[in-house]
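Each residue of the sequence shown is one higher than the last, beginning at 1 in the UniProt record's numbering.
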Amino acid sequence: MVKFSKELEAQLIPEWKDAFLNYWQLKKHIKRIKLATKPKHTHHSNCDFGRSILDPIRFLLHKISAATTQNIQVKSKIGTDDEDEKEDEDVDETEHAQLFSQEYEVKVFFEILDDELKKVNQFYTDKESEFVERGELLNRQLQILLNLKRVLSDHRRRKNLPPKSAADDDSGVLSTPDQSPWRQRSSDFSECGSPTTDQETDDVIAALEKNGIKFDYSSKPKKRMKPKITMRIDIPATTPARTIAAVTSMLREDLAKGGGGGGGECINRNKVQCAEKMIRGAFVELYRGLGLLKTYSSLNMVAFTKILKKFDKVSNRQASADYLKTVKRSNFISSDKVVRLMDEVESLFTEHYTNNDRKKAMKFLRPLHHKDSHLVTFFVGLFTGSFVTLFGVYAILAHISGMLAPATQAAYMETVYPIFSVFALLSLHLFMYGCNLCMWKSTRINYNFIFEFQPSSALKYRDAFLICTSLMTAVVGAMVLHLILLSTGFFPREVDFIPGILLLCSVVLLISPLNLFYRSTRYCFLRVMRNIICSPFYKVLMVDFFMADQLTSQIPLLRHMEAASCYFIARSFKTHHYETCKSGKLYRELAYVISFAPYYWRAMQCARRWFDESNPDHLANLGKYVSAMVAAGARLTYARNPSQLWMYTVLVTSVVATVYQLYWDFVKDWGLLNRKSKNPWLRDDLVLKNRSTYYGSIALNFVLRIAWVEAVINFNVGALQSCMLDFLLASLEVIRRGHWNYYRLENEHLNNAGKFRAVKTVPLPFREMDSD
Numbered sequence: 001m002v003k004f005s006k007e008l009e010a011q012l013i014p015e016w017k018d019a020f021l022n023y024w025q026l027k028k029h030i031k032r033i034k035l036a037t038k039p040k041h042t043h044h045s046n047c048d049f050g051r052s053i054l055d056p057i058r059f060l061l062h063k064i065s066a067a068t069t070q071n072i073q074v075k076s077k078i079g080t081d082d083e084d085e086k087e088d089e090d091v092d093e094t095e096h097a098q099l100f101s102q103e104y105e106v107k108v109f110f111e112i113l114d115d116e117l118k119k120v121n122q123f124y125t126d127k128e129s130e131f132v133e134r135g136e137l138l139n140r141q142l143q144i145l146l147n148l149k150r151v152l153s154d155h156r157r158r159k160n161l162p163p164k165s166a167a168d169d170d171s172g173v174l175s176t177p178d179q180s181p182w183r184q185r186s187s188d189f190s191e192c193g194s195p196t197t198d199q200e201t202d203d204v205i206a207a208l209e210k211n212g213i214k215f216d217y218s219s220k221p222k223k224r225m226k227p228k229i230t231m232r233i234d235i236p237a238t239t240p241a242r243t244i245a246a247v248t249s250m251l252r253e254d255l256a257k258g259g260g261g262g263g264g265e266c267i268n269r270n271k272v273q274c275a276e277k278m279i280r281g282a283f284v285e286l287y288r289g290l291g292l293l294k295t296y297s298s299l300n301m302v303a304f305t306k307i308l309k310k311f312d313k314v315s316n317r318q319a320s321a322d323y324l325k326t327v328k329r330s331n332f333i334s335s336d337k338v339v340r341l342m343d344e345v346e347s348l349f350t351e352h353y354t355n356n357d358r359k360k361a362m363k364f365l366r367p368l369h370h371k372d373s374h375l376v377t378f379f380v381g382l383f384t385g386s387f388v389t390l391f392g393v394y395a396i397l398a399h400i401s402g403m404l405a406p407a408t409q410a411a412y413m414e415t416v417y418p419i420f421s422v423f424a425l426l427s428l429h430l431f432m433y434g435c436n437l438c439m440w441k442s443t444r445i446n447y448n449f450i451f452e453f454q455p456s457s458a459l460k461y462r463d464a465f466l467i468c469t470s471l472m473t474a475v476v477g478a479m480v481l482h483l484i485l486l487s488t489g490f491f492p493r494e495v496d497f498i499p500g501i502l503l504l505c506s507v508v509l510l511i512s513p514l515n516l517f518y519r520s521t522r523y524c525f526l527r528v529m530r531n532i533i534c535s536p537f538y539k540v541l542m543v544d545f546f547m548a549d550q551l552t553s554q555i556p557l558l559r560h561m562e563a564a565s566c567y568f569i570a571r572s573f574k575t576h577h578y579e580t581c582k583s584g585k586l587y588r589e590l591a592y593v594i595s596f597a598p599y600y601w602r603a604m605q606c607a608r609r610w611f612d613e614s615n616p617d618h619l620a621n622l623g624k625y626v627s628a629m630v631a632a633g634a635r636l637t638y639a640r641n642p643s644q645l646w647m648y649t650v651l652v653t654s655v656v657a658t659v660y661q662l663y664w665d666f667v668k669d670w671g672l673l674n675r676k677s678k679n680p681w682l683r684d685d686l687v688l689k690n691r692s693t694y695y696g697s698i699a700l701n702f703v704l705r706i707a708w709v710e711a712v713i714n715f716n717v718g719a720l721q722s723c724m725l726d727f728l729l730a731s732l733e734v735i736r737r738g739h740w741n742y743y744r745l746e747n748e749h750l751n752n753a754g755k756f757r758a759v760k761t762v763p764l765p766f767r768e769m770d771s772d
């Protein structure tokens with residue numbers, strides 16, 4: 001049977017951990033009460049010396065002692081009575097001390113319990129008020145949307161135009177409710193049904209104008225004209241088009257007379273649909289938050305019950321019944337607002353977004369979590385064994401066929417090494433990401449919430465290991481086939497195209513629309529890559545700049561991918577002219593572009609975040625990536641022109657960039673090196689219990705950060721050894737990045753938990769304005 005403390009730790013909400021009943025502290029205090037309750041016995045040791053040569057002497061001493069005792073029996077009677085009284089007093093004092101200690105510990109226990117009850121109740125009340133306020137705001141937003149759609153529908157009917165979509169007709173998905181789910185209807189909102197008279201239309205328009213939606217009419221006073229509808233909708237600039245439109249609108253407002261009095265964007269179908277989608281997402285998050293608060297209430301109630309039962313058992317008292325009555329009268333148990341709000345959100349969502357299909361609505365509100373399949377674990381083991389076996393076969397065949405001999409290794413490595421490096425580094429990164437997922441899960445870091453992943457379709461650590469092992473099995477299998485065909489002389493020109501086929505198949509699988517091999521994950525990856533490449537036109541999310549940081553550690557992979565693509569596009573596999581992709585001005589410029597691109601994308605993301613948040617730290621972070629670009633350019637130039645001047649330039653730029661990066665890693669990304677922390681040079685809150693792990697991680701990150709020293713040393717080794725050394729250094733950087741990932745998300749989780757944010761705040765489209 002699992003102990004309740006472990007069950008509570010497994011079920012509590014990580015972001016609200018500090019707001020839960022401190023069950024572990026109370027459990028420790030009960031142990032103190034138990035120790036204070038135990039009677040303290042005085043142990044007397046009776047020494048038995050056994051038989052020895054001193055027995056006759058002991059016998060004589062015993063006789064003398066007996067005679068002496070008889071002579072002073074009367075005198076000792078009074079003394080004995082005094083000693084008995086003293087012994088009784090000592091026993092009474094011990095009992096009183098023990099009783100006092102027990103009462104004191106019980107008093108402290110209930111004081112702590114009272115404080116915990118106040119903490120739990122206050123947190124629940126605050127969150128309840130926050131969700132109720134959010135629900136009322138969402139209700140008003142929905143009413144604005146319904147009234148807006150009603151006006152648009154009436155506007156189209158007067159023009160005798162058929163509705164284009166559900167967004168233009170109130171007979172679509174969003175229907176008009178008969179009653180507000182919060183049982184509160186503002187006088188600004190019209191009643192159910194589409195307006196059929198001019199007066200009703202005017203009333204709805206007046207209500208909408210109070211919420212920031214503008215209606216412009218013709219200047220002709222005698223004839224009622226159809227309104228030209230314009231509105232102000234705060235839709236986040238999450239796409240390049242919206243970003244440009246937002247900036248243009250802001251500039252237009254600044255230039256407008258009176259500071260934005262009569263401006264506005266014309267309503268179109270896309271804007272209404274986007275507003276509808278945003279409100280739907282806000283309802284889903286509200287429902288999720290209400291569910292978490294309900295779980296918070298039930299878990300704390302069970303925790304109070306369990307800890308009071310333990311107290312009764314240890315102290316032999318029956319105090320739990322009376323105290324539990326007080327707990328049940330508290331707001332976090334007695335209030336039913338959360339349950340009613342959940343029912344109202346379900347009813348509202350079902351009515352307006354799923355055409356009264358409750359089953360479909362529950363798929364949005366309560367998405368099912370897929371359980372881990374043992375089949376995935378089986379295939380991970382199968383592909384791991386296959387990869388190890390095939391790699392052993394490849395090493396043996398390469399040695400037997402002489403492909404790695406000095407005479408043939410140059411030609412063979414030009415064909416195989418770039419492709420193998422691409423897939424090997426990618427698989428290593430996936431393996432490290434799988435380790436990150438495993439560690440985040442074991443330490444209860446809510447990475448799905450931080451990255452805003454859907455829990456039902458998010459990648460799990462077993463899935464990451466499966467992708468990694470299956471990919472490497474396919475790659476090594478293709479390399480074995482290529483080596484066998486090449487060593488037997490079977491169409492040598494066409495055989496060299498096998499690595500290219502492997503690369504092409506991988507790209508096709510990545511963009512395949514078929515629902516196989518983690519399509520949701522593949523599309524999420526492509527979407528994030530699009531956001532990164534188009535920086536700064538997309539709003540930067542956590543997953544976007546996290547992935548961009550991964551790309552800064554995969555510059556060797558990008559370089560190898562460019563070399564492999566050039567090799568096959570230029571048909572060098574037929575002519576075996578390898579110099580085609582390694583000489584010329586274009587090659588040198590591409591090397592700089594590829595080396596700068598990840599740092600440039602990351603710098604543009606910092607610029608966009610500074611523009612959105614006005615936080616100067618983002619500008620400082622931008623400077624870090626600019627210094628990395630300068631250092632990378634200096635190392636590239638030195639590799640082609642190894643002069644003493646460029647060596648000093650590499651040393652200066654690389655040292656500056658490394659110090660900048662180390663400071664940002666330790667202080668900003670990891671939150672460590674805090675001199676005032678209760679954990680020396682770490683931070684106050686640590687997820688891992690062993691502090692030496694953090695010190696070791698600091699040292700490891702420092703060592704791996706200075707791997708660029710190899711670029712200055714320039715070891716004189718052969719082509720094969722040079723390729724292996726480059727691959728080793730690239731692998732170390734991938735390992736460093738995977739190591740960095742855990743602490744980066746740990747710090748993000750602690751900052752998020754410190755603000756008790758367990759639910760995503762979805763921005764709402766309509767800005768409410770005062771009636772004035």
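Virtual Cβ for every residue (Gly too), placed ideally from N, Cα, C.
| Item | Value |
| --- | --- |
| Given residue 35, which residues of its chain have a CB within under 7 angstroms of its CB, disregarding the five upstream and five downstream residues? | none |
| Could you check which residue in 697, 606 and 118 has the C-alpha nearest to that of residue 665? | 697 |
| Is it right to say residue 749 is buried, meaning 16 or more other beta carbons lie within 10 angstroms of its own, or is it exposed? | buried |
| Between the Cα of residue 709 and the Cα atoms of 27, 669, 763 and 631, which residue gives the shortest distance? | 631 |
| I need the straight-line Cα distance from residue 455 to residue 529, nearest angstrom please. | 21 angstroms |
| Nearest-angstrom Cα distance between residue 119 and residue 21? | 8 angstroms |
| Leaving out the 5 sequence neighbours to the left and right, which residues in its chain are closer than 7 angstroms to residue 729 when beta-carbon positions are compared? | 707 and 710 |
| For residue 761, is the classification buried or exposed, using 16 other Cβ atoms within 10 angstroms of its Cβ as the cut-off for buried? | exposed |
| Run the CB neighbour count on residue 556, radius 10 Å, all protein chains shown included, and call it buried at 16 or more, exposed below. | buried |
| Helix, strand or coil: which one does DSSP assign to residue 846? | The requested residue 846 is not part of the displayed model; the chain covers only 1 to 772. |
| Note down, in chain order, each residue of its chain lying with its Cβ closer than 6 angstroms to the Cβ of residue 10, except the 5 sequence neighbours on either side. | none |
| Give me, in chain order, the residues of the same chain whose beta-carbon lies closer than 6 angstroms to that of residue 743; leave out the 5 immediate sequence neighbours on both sides. | 670 |
| What is the rounded straight-line gap between the Cα of residue 388 and the Cα of residue 689? | 35 angstroms |
| Specify, as a first and last residue, the run of the alpha helix (DSSP H) that residue 550 falls within. | 542-552 |
| Select from 123, 740, 314 and 731 the residue whose C-alpha is nearest the C-alpha of residue 27. | 314 |
| Can you grab the Cα-Cα spacing for the pair residue 274 / residue 280, in whole Å? | 10 angstroms |
| Quick one: Cα of residue 813 to Cα of residue 296, how far? | The first residue shown for the chain is 1 and the last is 772, placing residue 813 beyond what the model contains. |
| Starting from residue 739, trace the alpha helix (DSSP H) in both directions and tell me its first and last residue. | 719-754 |
| Do you know whose CA, among 124, 133 and 612, lies nearest residue 333's CA? | 124 |
| Nearest to residue 471 by CA position, among 153, 510, 453 and 102, is which residue? | 510 |
| For residue 44, which of helix, strand or coil comes out of DSSP? | Here the model assigns residue 44 a pLDDT of 43, short of 50, so the residue's position is not dependable, and the following value carries that caveat. Reduced to three states, the DSSP call for residue 44 is coil. |
| Alpha carbon to alpha carbon, how far is residue 648 from residue 658? | 15 angstroms |
| State buried or exposed for residue 608, treating a residue as buried only when at least 16 other CB atoms are found within 10 Å of its CB. | buried |
| What residue from 6, 738, 116 and 490 has the CA that sits closest to residue 436's CA? | 738 |
| Quick check on residue 672: buried or exposed, where buried means 16 or more other Cβ atoms within 10 Å of its Cβ? | buried |
| Spatial neighbours of residue 477 within its chain, please: CB distance less than 6 angstroms, with the 5 preceding and 5 following residues excluded, ordered by chain position. | 390 |
| Go to residue 429, then tell me how far its alpha helix (DSSP H) extends in each direction, as first and last residue. | 409-442 |
| Consult DSSP for residue 400 and reduce its assignment to one of helix, strand or coil. | helix |
| Where does the unbroken alpha helix (DSSP H) through residue 667 begin, and where does it stop? | Where residue 667 is concerned, there is no enclosing alpha helix (DSSP H), given that its DSSP letter is neither H nor E. |
| Considering only their Cβ atoms, is the gap separating residue 379 from residue 431 smaller than 8 angstroms? | no |
| Measuring CA to CA, which of 16, 33, 734 and 282 is closest to residue 763? | 282 |
| Rounded C-beta distance between residue 451 and residue 542? I'm assuming under 8 angstroms. | 6 angstroms |
| Where do the ends of the alpha helix (DSSP H) carrying residue 511 lie? | 498-511 |
| For the alpha helix (DSSP H) holding residue 477, just list the boundary residues, first then last. | 461-487 |
| Just checking, does the stretch 751-761 make contact with the stretch 559-566 on the three C-beta pairs under 8 angstroms criterion? | no |
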